[in-house]
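Each residue of the sequence shown is one higher than the one before, starting from 51 at the first, in my numbering. Accompanying notes for the structure given below.
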Amino acid sequence: MLFGRKKRSIVRVLVVEDEPLIAFDTEHLLSDASYQIVATVDRVAEAIAVLRSDSDVDLVLLDVNLADGSGLDVARAAGERGVAVLFVTGNFPAEAMALAAGCLAKPYQQRDLIGAIEAIEANIAGRKTRRLPTGFRLFAIPDAAPVAPGPEIDAR
């Protein structure tokens, strides 16, 4: 493809956020950017239920501190299924690094959220990211997540 967009490997997103306004804004931002929202939930049990259902999820966008528990439990469940996790939080615990593909600090700009997802997608495909968004940390791919070979990119 000479012009146009590369095919995305991250399309279907599960949003786990217990602040309604942030959840609403995130859902609309991702929908406008052509991501499919599998579900938007605000509880650990609901998120794990979605992951255990037949729903195809490519990425979990996850707050660490939820009203009914820790997002770390959701991240573990996602890892068991080979689903990438992007923590979006103001309080990122060090032990979460082993469970996530990256972390974006709140508050963030909308373009930084999209950039963080694109950086994770590039990392999974084995491509380098030229610039990381403000407030974003990219981690090594967790062991539980299978790495599919990415398409060959001609860097002309």
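Where is the CB? At the ideal position from N, CA and C, for every residue including glycine. As the structure is a prediction and not an experimental result, all values here were calculated from the model.
Cβ-Cβ separation, residue j to residue i (assumed contact under 8 Å), whole Å
| i | j | result |
| --- | --- | --- |
| Gly129 | Val66 | Not really, about 14 Å apart at Cβ, beyond 8 Å. |
| Ile174 | Ala83 | Not confirmed; about 18 Å, so no contact. |
Inter-residue Cα distance where the pair is residue i and residue j
| i | j | result |
| --- | --- | --- |
| Asp118 | Ser59 | 31 Å |
| Met147 | Phe189 | 7 Å |
| Ala89 | Asp106 | 11 Å |
| Met51 | Ala95 | Note on Met51: pLDDT 47, under 50, position unreliable in the model; no value is reported. |
| Pro70 | Glu145 | 26 Å |
| Glu168 | Asp162 | 10 Å |
| Pro199 | Ala73 | Any answer about Pro199 is weak, because its pLDDT of 39 lies below 50 and its placement is not dependable; what the coordinates show is given next. Pro199 and Ala73: Cα-Cα distance of roughly 32 Å. |
Nearest neighbour of residue i, chosen from the options [CA to CA]
| i | options | result |
| --- | --- | --- |
| Gln159 | Leu80, Gly176, Asp68 | Leu80 |
| Phe186 | Gly176, Ala151, Arg177 | Ala151 |
| Pro143 | Asp75, Val63, Asp123 | Asp123 |
| Gly132 | Arg102, Asn141, Pro157 | Arg102 |
Proximal residues to residue i (C-beta, below 7 Å), its chain only, five neighbours per side dropped
| i | result |
| --- | --- |
| Ala166 | Leu136, Gly152, Leu154, Pro183, Phe186 |
| Tyr85 | Val61, Val63 |
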